[in-house]
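J.:
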Amino acid sequence: HFCEKCFNEIQGESVSLGDDPSQPQTSINKDQFQKKKNDTLDPELLVECTDCGRKMHQICVLHNETIWPLGFVCNGCLKKANKMRKENKYAAKRLPQTKLGNFLETRVNDYIKRQSHPESGEVTIRVVHVSDKVVEVKPGMKSRFVDSGEMAESFPYRMKALFAFEDIDGAEVCFFGMHVQEYGSDCPPPNQRRVYISYLDSVHFFKPRHLRTAVYHEILLGYLEYVKRMGFTTGHIWACPPSEGDDYIFHCHPLDQKIP
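Here the UniProt record's numbering is used: the first residue of the sequence shown is 1, the next is one more, and so on.
As structure tokens, then:
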């Protein structure tokens, strides 16, 4: 798939497919491509109960072939046979724990307990990705600041991605995601000991709804408190609220979710 702008910028009468130049490339003539609008809705997948044969929406019954490769058995058939569904071994609670994730999880669950609302479920927070990266100064800034010695030409940082899940009716629902960049003591000024919250995203499934924004705030404030204890001195919320149609982290958002 190519957007119209990128497709028109491709030189020649054919398009080469494949990102690795060391591998054989496949070429397709431009006139074989079809112009389409990116608004196609995929049909809901159905799964069939291996016992009674009833068909149900895969997403509605939360069936995933990777987790349950032996097929789907509906709740009615499980109840008749007096059986339990095999436990999901890929649950968020089973993901590796980190000090940051534990700190935020404790803070959020303590806040929820203080509200004493019957709809509240336990929240699990996990840091799912950590990697070390380097920012290279772009040519325009380099000629102005780096060549004169005012600024370093590269800035190392650690990127982290964390997600929050709530237990709702026995299912783990991911409702919040955040990407951050942490520039430590080994990073030269002006980024030394600074953190940037680069992306924030959420889907409005947290229960109860009136605590949703407060829980987001607890995660944000908890993160800033944690990095302050770790020796960071400055924090930047770099992420702007999404415009309608923007999907920062989550693949899509509910149609009735309000945009800030």
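Every residue, glycine too, gets a C-beta built ideally from N, C-alpha and C. As the structure is a computational prediction, the values presented were derived from the model and not from experiment.
Would you say Ser131 and Met159 are within 7 Å of each other, going by their C-beta atoms?
T.: The residue given as residue 131 occupies position 131 in the sequence shown. The residue given as residue 159 occupies position 159 in the sequence shown. Taking 7 Å as the Cβ cut-off, Ser131 and Met159 qualify as a contacting pair.
J.: From Gly231 to Arg193, what does the alpha carbon distance come to, in whole angstroms?
T.: Against the sequence shown, residue 231 aligns to sequence position 231. Against the sequence shown, residue 193 aligns to sequence position 193. Answer to the nearest angstrom: the Cα atoms are 7 Å apart.
J.: Is the separation between the beta-carbon of Gly235 and that of Val180 shorter than 7 Å?
T.: Looking up residue 235 in the sequence shown gives position 235. Looking up residue 180 in the sequence shown gives position 180. Not a contact, by the Cβ cut-off of 7 Å.
J.: Assuming Gln181 is part of the beta strand (DSSP E), what are its boundary residues?
T.: Taking the first residue of the sequence shown as 1, we reach residue 181 at position 181. Counting along the chain, the beta strand (DSSP E) containing Gln181 begins and ends at Ala171 to Tyr183.
J.: Does DSSP classify Met159 as helix, strand or coil?
T.: Residue mapping note: residue 159 aligns to position 159 of the sequence shown, counting from 1. Reduced to three states, the DSSP call for Met159 is strand.
J.: Exposed or buried, Tyr157, counting other C-beta atoms within 10 Å across all chains shown (16 or more means buried)?
T.: As a first step, residue 157 is located in the sequence shown; it is residue number 157 there, counting from the start. Buried: at least 16 other Cβ atoms inside 10 Å.
J.: Name the two residues that bound the continuous beta strand (DSSP E) containing residue 268.
T.: This structure does not reach residue 268, given that the chain is present from 1 up to 260, and the question cannot be answered.
J.: Counting C-beta neighbours from all protein chains within 10 Å, is the total for His129 16 or more, i.e. buried, or is it exposed?
T.: On the sequence shown, residue 129 is found 129 positions in, with the first residue counted as 1. The residue in question, His129, is exposed, as its Cβ has fewer than 16 Cβ neighbours within 10 Å.
J.: Give the range of the beta strand (DSSP E) segment to which Val108 is assigned.
T.: For the purposes of this step, residue 108 is identified with residue 108 of the sequence shown, where counting begins at 1. First-last for Val108: Lys99 to Gln115, but that is the alpha helix (DSSP H), not the beta strand (DSSP E).
J.: When the Cα of Val215 is compared with those of Ala161, Glu122 and Pro188, which residue comes out closest?
T.: If you number the sequence shown from 1, residue 215 lands on position 215. Ranking the options by Cα distance to Val215, first place goes to Glu122.
J.: Helix, strand or coil for Lys55 per DSSP?
T.: The count along the sequence shown starts at 1 and reaches residue 55 at position 55. Strand.
J.: Val61 by DSSP, collapsed to three states: which one?
T.: Taking the sequence shown and counting its residues from 1, one reaches residue 61 at position 61. Val61: coil per DSSP, three-state reduction.
J.: On the DSSP letters alone, give me the boundaries of the beta strand (DSSP E) that Glu136 sits inside.
T.: Within the sequence shown, numbered from 1, the residue matching residue 136 stands at position 136. Start and end: Val123 to Glu136.
J.: Helix, strand or coil for Tyr196 per DSSP?
T.: Residue numbering aside, residue 196 sits at position 196 when the sequence shown is read from its first letter. It is a strand residue.
J.: Closer than 6 Å by C-beta to Leu224: which residues in its own chain qualify, once you throw out the five before and the five after it? Chain order, please.
T.: Sequence index remark: in the sequence shown, residue 224 carries index 224 (1-based). Closer than 6 Å at the Cβ level, and outside the excluded window around Leu224, lie Gly235.
J.: Are the Cβ atoms of Met178 and Leu200 separated by less than 7 Å?
T.: Position 178 of the sequence shown, counted from the start, is the residue given in the question as residue 178. Position 200 of the sequence shown, counted from the start, is the residue given in the question as residue 200. Going by C-beta atoms, Met178 is nearer than 7 Å to Leu200.
J.: Which residue marks the beginning of the beta strand (DSSP E) containing Ile28, and which one marks its end?
T.: As a first step, residue 28 is located in the sequence shown; it is residue number 28 there, counting from the start. Here the beta strand (DSSP E) through Ile28 covers Thr26 to Asn29.
J.: What are the boundary residues of the beta strand (DSSP E) that includes Ile237?
T.: Counting from one through the sequence shown, the residue named residue 237 turns up at place 237. That run of the beta strand (DSSP E) goes Thr234 to Ile237.
J.: Using DSSP with H/G/I as helix, E/B as strand and the rest coil, what is Val203?
T.: Looking up residue 203 in the sequence shown gives position 203. Here Val203 sits in coil by DSSP.
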